[in-house]
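Enquirer: Got a structure for you, written out below as structure tokens; questions coming shortly.
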Amino acid sequence: MKRSSLTPTVGSIFALFALTCGCAPNTKVPAGAPLLVQFAVVTPAGVAADLVTEGGAPIAAPPLSYFFALFDRILDPTALENLDADGGLTSKAGVASIEWSGPDAIAANTLYIPNGDQKFTLIPKLFGAPFGIGPSITVMPSFQLPSDEAVMALPSGTTITVTLDPTKVRSHDQLSTFKAAPGVPSPLVFETEPFGFTTDAPVGEFPEAGVADDGGADGGDTGDAGPTRGPPPPVAADFVLHVAFNNLTTDATGAAIQVAATVGGIPVAGLVPVVARDPMSLATWTVSPPAAGWPAGALVTVTVGAAAADVFQIALGAAVPVTFTVMP
353 MKRSSLTPTV
363 GSIFALFALT
373 CGCAPNTKVP
383 AGAPLLVQFA
393 VVTPAGVAAD
403 LVTEGGAPIA
413 APPLSYFFAL
423 FDRILDPTAL
433 ENLDADGGLT
443 SKAGVASIEW
453 SGPDAIAANT
463 LYIPNGDQKF
473 TLIPKLFGAP
483 FGIGPSITVM
493 PSFQLPSDEA
503 VMALPSGTTI
513 TVTLDPTKVR
523 SHDQLSTFKA
533 APGVPSPLVF
543 ETEPFGFTTD
553 APVGEFPEAG
563 VADDGGADGG
573 DTGDAGPTRG
583 PPPPVAADFV
593 LHVAFNNLTT
603 DATGAAIQVA
613 ATVGGIPVAG
623 LVPVVARDPM
633 SLATWTVSPP
643 AAGWPAGALV
653 TVTVGAAAAD
663 VFQIALGAAV
673 PVTFTVMP
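Here our numbering is used: the first residue of the sequence shown is 353, the next is one more, and so on.
Here's what the structure looks like:
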């Protein structure tokens with residue numbers, strides 16, 4: 353990972369702070385070992401994942417996550433970055449490692465942001481630090497596809513271990529390796545979510561409060577066993593279904609998505625829908641109707657087969673059908 357050496361230095365940021373508040377900057381780096389004050393899994397939504405419940409049970413994290421390590425003081429940049437001939441900074445290899453039980457290697461790309469003192473509140477406004485104020489190392493998983501394209505992904509449904517190398521993550525004076533603050537995990541060990549998907553197929557609504565057949569959802573005078581949804585609304589003939597997986601998928605996943613339709617219980621012959629990758633996401637597939645549209649009044653069943661798999665060849669394992677109806 354590369355960043356420009358024109359990124360404001362700690363000294364220049366303190367100078368800017370002095371101009372804005374009229375006080376003298378303090379650029380002295382505290383002596384001693386840097387303290388790792390946070391080591392978080394960052395979800396695709398850009399928030400820190402909760403890895404345990406209040407009762408201590410583990411919570412799986414999305415496979416398309418990355419990692420954020422926050423420190424209480426600046427680190428030794430010479431162990432983390434190389435100064436390139438063009439003046440840019442390129443991260444050194446081996447700063448972090450990502451391990452799992454499978455055969456495929458996952459590289460760990462890192463980005464060091466020397467934000468300075470953790471209490472320096474102007475810094476997030478300049479850098480947009482997501483989870484705290486201070487120097488940080490962002491760790492991004494990198495997996496090499498057969499096409500030689502590198503993508504950011506983790507294997508589904510498995511244990512992941514993320515480790516920072518203490519010989520590289522060390523104090524600015526190069527005398528001390530980092531230490532984790534009490535309660536901060538190091539290494540970071542967690543489970544990823546099993547491979548799965550969601551769709552935008554319509555679903556029925558629960559009855560509104562006060563309706564007699566609301567399934568008892570509002571405590572009304574009804575004897576039924578529980579809340580049930582009404583029938584899903586029908587879709588237009590040009591409806592495109594999106595199958596959004598929680599991980600990047602193999603090219604063969606498209607062949608695992610099968611489509612069939614019936615009208616009045618009779619199978620529709622010669623149905624030729626189009627199953628394709630969403631050009632905006634390697635994790636999403638689209639199921640488009642034939643050129644003439646979905647047949648009027650049809651019940652369409654899209655089955656995501658057991659062979660659908662993430663890029664680590666971890667398969668869905670069981671076929672899952674999704675249905676929608678078409679307007680008459």
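We treat Cβ as the ideally placed atom computed from N, Cα and C, and that holds for glycine. From a predicted model like this one, the values you see are computed outputs, not experimental measurements.
1) Just confirm the distance between the C-beta atoms of Ala608 and Ala533, as a whole number of angstroms; I'd bet it's less than 8 Å.
2) Here's a check: name, in chain order, each residue in its chain whose Cβ is nearer than 8 Å to the Cβ of Ala635, leaving out the five neighbours to either side.
3) Locate the beta strand (DSSP E) running through Asn467, then write down its first and last residues.
4) Assuming Leu668 and Ala658 form a contact by the criterion Cβ under 8 Å, report the distance between their Cβ atoms to the nearest whole angstrom.
5) Is the beta carbon of Ala448 closer than 7 Å to that of Leu506?
6) Return the residue from the list Ala413, Pro396, Lys531 that minimises the CA-CA distance to Phe423.
7) Exposed or buried, which one is Gly486 when buried takes at least 16 other CB atoms within 10 Å?
8) Does Ala608 come out as helix, strand or coil in the three-state DSSP assignment?
9) For the candidate residues Asp525, Ala445, His524, Thr405, whose alpha-carbon lies nearest to that of Ser494?
10) Helix, strand or coil for Pro554, going by three-state DSSP, please let me know.
11) Does at least one heavy atom of the ligand MG sit under 6 Å from the Cβ of Ser523?
12) Any contact of the segment 539 to 555 with the segment 400 to 418, i.e. 3+ C-beta pairs under 8 Å?
13) Could you please give the first and the last residue of the uninterrupted beta strand (DSSP E) stretch that includes Thr655?
14) With DSSP as the reference, label Thr510 as helix, strand or coil.
15) Does the pairing of the segment 511 to 530 with the segment 620 to 636 give three or more beta-carbon distances under 8 Å?
16) Short of 8 Å in beta carbon distance, which residues of its chain neighbour Leu432, apart from the five on each side in sequence? Order them along the chain.
17) Alpha carbon to alpha carbon, how far is Phe676 from Phe558?
18) For Pro396, does the three-state DSSP call read helix, strand or coil?
19) Can you tell me whether Met492 is buried or exposed? The criterion is at least 16 other CB atoms within 10 Å of its CB, across all chains shown.
20) As a quick exercise: from Thr551, Ser453, Pro641, pick the residue whose alpha carbon is nearest that of Ala612.
21) Please state the DSSP three-state secondary structure of Asp662.
22) Measure how close the beta-carbons of Asn637 and Thr605 come, nearest whole angstrom, since I'm counting them as under 8 Å.
23) Can you tell me whether Pro619 is helix, strand or coil according to DSSP?
24) Please determine, among Ala643, Ala401, Glu406, the residue with the shortest C-alpha to C-alpha distance to Pro625.
25) Are the Cβ atoms of Val389 and Ala401 separated by less than 7 Å?
26) In chain order, what residues of the same chain have a beta carbon less than 8 Å from the beta carbon of Met679, not counting five sequence neighbours either side?
27) Which whole-angstrom value describes the C-beta separation of Ser523 and Gly384, a residue pair presumed to lie in contact below a C-beta threshold of 8 Å?
28) In whole angstroms, give me the CA-to-CA distance for Leu427 and Thr405.
29) Are Thr655 and Pro673 close, meaning C-beta to C-beta below 7 Å?
30) In whole angstroms, what separates the C-alpha of Leu441 from that of Asn467?
Expert: Looking at the coordinates:
1) Start at 1 with the first residue of the sequence shown, and residue 608 comes out as number 256. Start at 1 with the first residue of the sequence shown, and residue 533 comes out as number 181. Taking the Cβ atoms as the reference, Ala608 lies roughly 46 Å from Ala533, outside the contact range of under 8 Å.
2) The count along the sequence shown starts at 1 and reaches residue 635 at position 283. Closer than 8 Å at the Cβ level, and outside the excluded window around Ala635, lie Leu416, Ala596, Phe597, Asn598, Asn599, Leu600, Thr601.
3) In the sequence shown, residue 467 corresponds to position 115, counting from 1. Segment: none, Asn467 is in no beta strand (DSSP E) and carries neither H nor E.
4) Locating residue 668 in the sequence shown gives position 316, counting from the first residue. Locating residue 658 in the sequence shown gives position 306, counting from the first residue. Between Ala658 and Leu668 the Cβ distance is about 6 Å, and since that is below 8 Å, they are a contact.
5) Here residue 506 corresponds to residue number 154 of the sequence shown, with the count starting at 1. Here residue 448 corresponds to residue number 96 of the sequence shown, with the count starting at 1. No, the Cβ-Cβ distance between Leu506 and Ala448 is not below 7 Å.
6) Start at 1 with the first residue of the sequence shown, and residue 423 comes out as number 71. Among Ala413, Pro396, Lys531, the Cα nearest to that of Phe423 belongs to Lys531.
7) Along the sequence shown, one-based indexing puts residue 486 at 134. Answer is buried; the Cβ neighbour count reaches 16.
8) Numbered from its first residue, the sequence shown carries residue 608 at position 256. Looking at Ala608 - three-state DSSP - the assignment turns out to be helix.
9) Here the question's residue 494 lines up with position 142 in the sequence shown. Looking only at Asp525, Ala445, His524, Thr405, the smallest Cα-Cα distance to Ser494 is reached by Ala445.
10) Indexing the sequence shown from 1 puts residue 554 at position 202. Note: Pro554 maps to coil in three-state DSSP.
11) As for the ligand MG, it is missing from this structure, which has no ligand bound.
12) Short answer: they touch.
13) Along the sequence shown, one-based indexing puts residue 655 at 303. Its beta strand (DSSP E) spans residues 651 to 656.
14) For this step, residue 510 is matched to residue 158 along the sequence shown. In the three-state reduction of the DSSP assignment, Thr510 falls in the coil class.
15) Segments in contact, no.
16) For this step, residue 432 is matched to residue 80 along the sequence shown. Within the same chain, Leu432 has close Cβ partners Ser443, Lys444, Val447, Thr462, Tyr464, Ile489, Lys520, Val521.
17) As a working note, residue 676 is residue 324 in the sequence shown. As a working note, residue 558 is residue 206 in the sequence shown. Approximately 17 Å between the Cα atoms of the pair.
18) Translated into positions along the sequence shown, residue 396 becomes position 44. The answer is coil: DSSP assigns Pro396 none of H, G, I, E or B.
19) In the sequence shown, counting from the first residue as 1, residue 492 sits at position 140. Looking at its Cβ environment, which holds 16 or more other Cβ atoms inside 10 Å, Met492 is buried.
20) Translated into positions along the sequence shown, residue 612 becomes position 260. Comparing Cα positions, the closest option is Pro641.
21) Start at 1 with the first residue of the sequence shown, and residue 662 comes out as number 310. Here DSSP, grouped into helix, strand and coil, assigns Asp662 to strand.
22) Translated into the one-based positions of the sequence shown, residue 637 becomes position 285. Translated into the one-based positions of the sequence shown, residue 605 becomes position 253. With the sequence shown as reference, residue 637 is identified as Trp, and Asn is not the correct amino acid for it. So it is a contact: roughly 7 Å between Cβ atoms.
23) Your numbering for residue 619 matches position 267 in the sequence shown. In the structure shown, Pro619 sits in a strand (DSSP, three-state: E or B).
24) Taking the sequence shown and counting its residues from 1, the one referred to as residue 625 is at position 273. When Ala643, Ala401, Glu406 are compared, the shortest CA-CA separation from Pro625 is found for Ala643.
25) For the purposes of this step, residue 389 is identified with residue 37 of the sequence shown, where counting begins at 1. For the purposes of this step, residue 401 is identified with residue 49 of the sequence shown, where counting begins at 1. No, Cβ-Cβ distance for Val389 and Ala401 is not below 7 Å.
26) In the sequence shown, counting from the first residue as 1, residue 679 sits at position 327. Excluding positions up to five away in sequence, the list reads Pro586, Val587, Ala588, Ala589, Ala648, Gly649.
27) The residue given as residue 523 occupies position 171 in the sequence shown. The residue given as residue 384 occupies position 32 in the sequence shown. Right, the Cβ-Cβ distance comes to about 7 Å (below 8 Å), so this counts as a contact.
28) Stepping through the sequence shown from its first residue, residue 427 is reached at position 75. Stepping through the sequence shown from its first residue, residue 405 is reached at position 53. Going by the C-alpha atoms only, they are around 33 Å apart.
29) Working through the sequence shown from its first residue, we reach residue 655 at position 303. Working through the sequence shown from its first residue, we reach residue 673 at position 321. Closer than 7 Å, so yes.
30) To locate residue 441, count along the sequence shown from 1; it is residue 89. To locate residue 467, count along the sequence shown from 1; it is residue 115. Each residue's alpha carbon lies about 15 Å from the other.
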